[in-house]
Structure formats: C-alpha cells, structure tokens
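*Asks:* Here it is, the structure, as structure tokens.
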Amino acid sequence: GENVEQHPSTLSVQEGDSAVIKCTYSDSASNYFPWYKQELGKRPQLIIDIRSNVGEKKDQRIAVTLNKTAKHFSLHITETQPEDSAVYFCAASPLNSGYSTLTFGKGTMLLVSP
Amino acid sequence: DAGITQSPRYKITETGRQVTLMCHQTWSHSYMFWYRQDLGHGLRLIYYSAAADITDKGEVPDGYVVSRSKTENFPLTLESATRSQTSVYFCASSKQGYEQYFGPGTRLTVT
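Protein sequence lines correspond, in order, to chains A and B. If you read the first sequence in the working numbering, its first letter stands for residue 2, the second for the next number, and so on. If you read the second sequence in the working numbering, its first letter stands for residue -19, the second for the next number, and so on.
As structure tokens, then:
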C-alpha cells in the first residue's frame, strides 16, 4: 500500500518567515495530494490540495508544489503569522476501484513565534 | 462543518466493554471514513464505506466493526475494548472520495 513520509516533525519559525513542509510518497498511482491543518483540540481541515496534472497551486499565503517524477510534494507558507501555528498533515490518494482513500503523513507541528 | 457530527464527544469505558461511536452527516456524501489519531502516528484509517451496505478495511481494522445501513450514518463499534484502543476517533465524509471533511472527533479512554 501507499506510504507517506513527512518532514520535519516540528518546525519553529519567527513571525513573517516562510515555512516549508515536505512529503514523499511511494505509490506512483497516487494522483491527489491534500494538506490538512489541525489546531489544538480541533478537527483536521483541508487548506489546499493538488492533483497530479498540476505542478503548483497557490492560495494567498500558502502554496503546494508537486514533483511526480521524484514522488514528493511540499507545502509552502509565506509571511507566517501566529495563527498559522498548528499541526499540518499531508496525504496521498491512489485511485482504486472508482474511489480513493487517503494515506496521511505523521504530521508537522508548526510553531510561529511573535 | 455542522454537516458532520459525532457522538459522544468524550467517552470513558472499561476494558472488555462494547462501545459504539456514532457518526452522522447531512450532506448525502457517498463515502465515509473512520480514523484514529494517536501521538506519533498521525491519522490512520480504520474502515471506510463507499455507499450504504458497502464497507472495507483500512490500515488498522482489528478489534473494530462497522455498518452502514443508511447513507447518513456510519457507526463504529469496539466489540471488546482494550487499552490500546484509547485514542481520538475522527469520522469523515466525502462527496467524490477526494476532499474529505472531518467530524469534531470522539475522545475515547479505555481503563
């Protein structure tokens, strides 16, 4: 099955700095790569996703890049703010029998200091 | 977010007891999922369902049972709870099998 590795496990930055979280996946059939943000005690929420026919996608201060050849994708957050502090999860989804399940990385705790 | 709910939100039970966690969604999403979240392991899929009466195992199904008689409900049962099943359980639903929307979670403690 699919295996998703996520690095780093923790990331501390100063407010205004950029943050980058990287993930690799094993199944070349994976074609959907979402990122979820989970604040303390809350549910995971989708913040951005990318599909295999796109190399990069941006939404205001966040962007995701995908390199299918190398089987890795990354989340980029610019101009970080304290409210960006949370655990971020990447995931990958191979298409299987018409629907798909997500395999998650183990998460990155992002701490943004004022 | 109010479209997917879980109950109870907190549960303490004893080893060996049967426990059922409920999940209800109002979006008529075809797909529903159960995950457990443990420190150091992220989110791991327990069971999922593509439609009513169609269920399949995920990564960590042992000790759990699911059913889906109605599209909107997807209960998860621990037949004989063990301490290793102490965790936070999230239900999720999806319209197309891609964008998954998570419920608020159930924190289960097995003593």
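We treat Cβ as the ideally placed atom computed from N, Cα and C, and that holds for glycine. Predicted model, so just to flag it, every value in this text is computed and none were measured.
1. For Thr102 of chain A versus Ser19 of chain A, is the C-beta distance shorter than 8 Å?
2. Kindly list the residues whose CB is nearer than 6 Å to the CB of Leu1 of chain B, restricted to its own chain and excluding five residues on each side of it in sequence; keep chain order.
3. Using the Cα positions of Val46 of chain B and Tyr27 of chain B, report the straight-line distance between them to the nearest angstrom.
4. Is there a Cβ from chain A that is less than 8 Å from the Cβ of Cys3 of chain B?
5. One question on the structure: do Pro45 of chain A and Leu58 of chain B come within less than 8 Å of each other, judged by their Cβ atoms?
6. What's the gap between the Cα of Ser98 of chain A and the Cα of Ala31 of chain B?
7. Could you list the residues in the region 29 to 47 of chain A with a C-beta less than 9 Å from some C-beta on chain B, going in chain order?
8. Among A:Lys23, A:Pro83, A:Lys72 and A:Gly42, which has the Cα closest to the Cα of Ser114 of chain A?
9. Measuring only the C-alpha atoms, how far is His21 of chain B from Lys107 of chain A?
10. List the whole-angstrom C-beta distance separating Glu3 of chain A from Ser27 of chain A, where the pair is believed to meet the contact cut-off of C-beta under 8 Å.
11. So, for Thr35 of chain B: in the same chain, excluding its five sequence neighbours on each side, which residues have a beta-carbon less than 8 Å away from its beta-carbon?
12. Ordered along the chain, which non-local residues of its own chain (more than five positions away) have a Cβ less than 6 Å from that of Val(-1) of chain B?
13. Buried or exposed: where does Ala72 of chain B fall if 16 or more other Cβ atoms within 10 Å of its Cβ makes it buried?
14. Consult DSSP for Ser98 of chain A and reduce its assignment to one of helix, strand or coil.
15. Under 8 Å Cβ-Cβ, which residues of chain A neighbour Phe54 of chain B?
16. How long is the line joining the alpha carbons of Thr96 of chain B and Met12 of chain B, rounded to whole angstroms?
17. Cα separation between Val183 of chain A and His73 of chain A?
18. Grab me the residues of His8 of chain A's own chain with a C-beta within less than 8 Å of its C-beta, minus the 5 sequence neighbours each way, in chain order.
19. Sort out for me which residues DSSP pairs Phe82 of chain B with in a bridge.
20. Count the other C-beta atoms from every protein chain shown that fall within 10 angstroms of the C-beta of Trp7 of chain B, then say buried if there are 16 or more, exposed otherwise.
21. Check Gln82 of chain A in the structure and name its three-state DSSP category.
22. Taking all protein chains shown into account, do 16 or more other C-beta atoms lie within 10 angstroms of the C-beta of Gln61 of chain A, making it buried, or fewer, making it exposed?
23. Kindly indicate the opening and closing residues of the beta strand (DSSP E) around Glu6 of chain A.
24. Determine whether the Cβ of His21 of chain B lies closer than 8 Å to any Cβ atom of chain A.
*Replies:* So, to answer that:
1. no
2. Leu56, Tyr69 and Thr86
3. 7 Å
4. no
5. no
6. Reliability fails at Ser98 of chain A, whose pLDDT of 45 lies under 50, so the model's placement of it is uncertain and the value that follows must be treated cautiously. Answer to the nearest angstrom: the Cα atoms are 13 Å apart.
7. Tyr33, Pro35, Tyr37, Gln39, Gly42, Lys43, Arg44, Pro45, Gln46 and Leu47
8. A:Pro83
9. 5 Å
10. 6 Å
11. Tyr27, Tyr28, Ser29, Val46, Ser47 and Arg48
12. Thr(-7), Leu58 and Ala61
13. buried
14. Below a pLDDT of 50, predicted positions are generally treated as unreliable, and Ser98 of chain A, at 45, falls in that range; the measurement from the model is reported next regardless. Ser98 of chain A: coil per DSSP, three-state reduction.
15. None at all; the shortest Cβ gap to chain A is about 14 Å.
16. Only positions -19 to 91 of chain B appear in the structure, and residue 96 of chain B is not among them; the question remains open.
17. Residue 183 of chain A is absent from the structure shown; chain A starts at 2 and stops at 115.
18. Ile22, Lys23, Cys24 and Thr109
19. B:Ala72
20. exposed
21. coil
22. exposed
23. Val5 to His8
24. yes
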